[in-house]
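Those letters in the sequence shown? Residues 49 to 117, by our numbering. Backbone N, C-alpha and C fix where the C-beta goes; we use that ideal spot for every residue, glycine too. Owing to the predicted nature of the structure, the values given are computational and were not obtained by experimental measurement. The block underneath contains the structure these notes are about, expressed in structure tokens.
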Amino acid sequence: MDTTRLLEQMFSPGNLNAATKQVKRNKGCGGVDRLTITATLEKLRQLDNGSNFASLYWMEVTNRLPFWV
């Protein structure tokens with residue numbers, strides 16, 4: 049299994065946008081990361097502008113939640 053390819057597909061802008069729209073349609077709420085749909089959409093807009101989503105997301109989560117190794 050090529051995990052790199054799988055991660056690229058999971059975090060592709062199209063897939064993330066589709067998933068976010070689905071959650072919004074279902075009136076879903078933030079998960080363990082506590083990001084609202086609005087905050088997630090803003091992160092996706094930054095991704096569309098060339099930012100690295102993984103870095104943006106990771107910084108957001110680690111600034112909010114305790115991190116244990």
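What's the call for THR88, buried or exposed, on a 16-neighbour Cβ count within 10 Å? buried
Quick one: what does DSSP say LYS69 is sitting in, helix, strand or coil? helix
I need the DSSP call for GLY79, collapsed to helix, strand or coil. coil
Taking 6 Å as the limit between beta carbons, can you name the residues of its chain near VAL117, skipping five residues before and five after? Low per-residue confidence applies at VAL117: pLDDT is 42, beneath 50, and the placement is therefore not dependable enough to give any value.
ASN74 (DSSP reduced to helix, strand or coil): coil
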